[in-house]
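For our numbering, add 3 to where a residue sits in the sequence shown, where the first one is 1.
Built from N, CA and C at the ideal position, the CB exists for glycine as well.
The next block holds one structure in the form of structure tokens; read it before the comments.
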Amino acid sequence: MSDLRALYQEVIAEHNKNPRNFRWMEDANRMAVGVNPLCGDKLTVYMKVDEQGIVRDVSFEGSGCAISVSSASIMTQMLKGKKVEEAERLFNAFHEAVTKDDPQSDLEALGKIAVLAGVRAYPSRVKCATLSWHTMHAALEGEEWVSTE
Ligand code: ZN
């Protein structure tokens, strides 16, 4: 367990220091802004989805705590090249993994984001970890703004 906690902290620190796909996207066709007033996190998620429903590109920008930024960074890495349905499936699985008392989703199915499921141990930070995912989901639903409150 302490190994997992160390990995959790290491991954968060590394992605926060060097966030992937942290950029504005000029030709995005999906976009939403997500805010988490409790922490002050504010992120914009950009996506480019093609006619086949495949996420060709995904990026984000904004400012937030280390947990929100690292989760967004990992999310963008995971979703590139995935189908929209797969993106929604991952969103649901991750959300369940961090919010349910008895999560059904196995960590292996979560891929790279599994390490962020460690946020379960810190309930006040769950909204930080899920913010970018809620924002991505909102963008796919055609919503332009989402708040965790
Ligand atoms: Zn936060």
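Less than 8 Å between C-beta atoms, sequence neighbours within five positions excluded: which residues of the same chain meet that for residue i?
i: Q80; result: R23, N24 and K115
Measure how close the beta-carbons of residue i and residue j come, nearest whole angstrom, since I'm counting them as under 8 Å.
i: T138; j: L41; result: Their Cβ separation, rounded to whole angstroms, is 15 Å, which puts T138 and L41 out of contact at 8 Å.
i: M50; j: R33; result: 4 Å
i: S74; j: L119; result: 5 Å
Cα-Cα, which of the options is closest to residue i?
i: L93; options: Y125, D30, W136 and K45; result: W136
i: A112; options: E99, K103, R123 and V122; result: E99
i: V61; options: L46, E13 and Y125; result: L46
i: D30; options: V48, A75, A16 and E89; result: V48
i: A35; options: D109, E64, A16 and E89; result: E64
i: H140; options: K103, F97 and A117; result: F97
i: E17; options: P126, W148, C68 and V149; result: C68
i: V14; options: E89, A117 and N95; result: A117
Leaving out five residues on either side along the sequence, give the residues of the same chain with a beta carbon under 7 Å from the beta carbon of residue i.
i: V87; result: V52, G56, V58 and L143
i: V122; result: I70, V101, R128, V129 and A132
i: N39; result: S71, K130, C131, L134 and T151
Could you give the distance in angstroms between the alpha-carbon of residue i and the alpha-carbon of residue j?
i: Y11; j: G84; result: 25 Å
i: E91; j: D105; result: 20 Å
i: L134; j: I77; result: 13 Å
i: A124; j: L7; result: 12 Å
i: D109; j: G37; result: 27 Å
i: D44; j: E89; result: 26 Å
i: E54; j: G145; result: 16 Å
i: P126; j: A9; result: 18 Å
i: N95; j: K103; result: 11 Å
Tell me which residues share the same chain as residue i and place their Cβ nearer than 6 Å to its Cβ, disregarding the 5 neighbours each side in the sequence.
i: V72; result: N19 and P22
i: M28; result: Y49 and S62
i: W148; result: V36
i: L82; result: V58, V61 and A90
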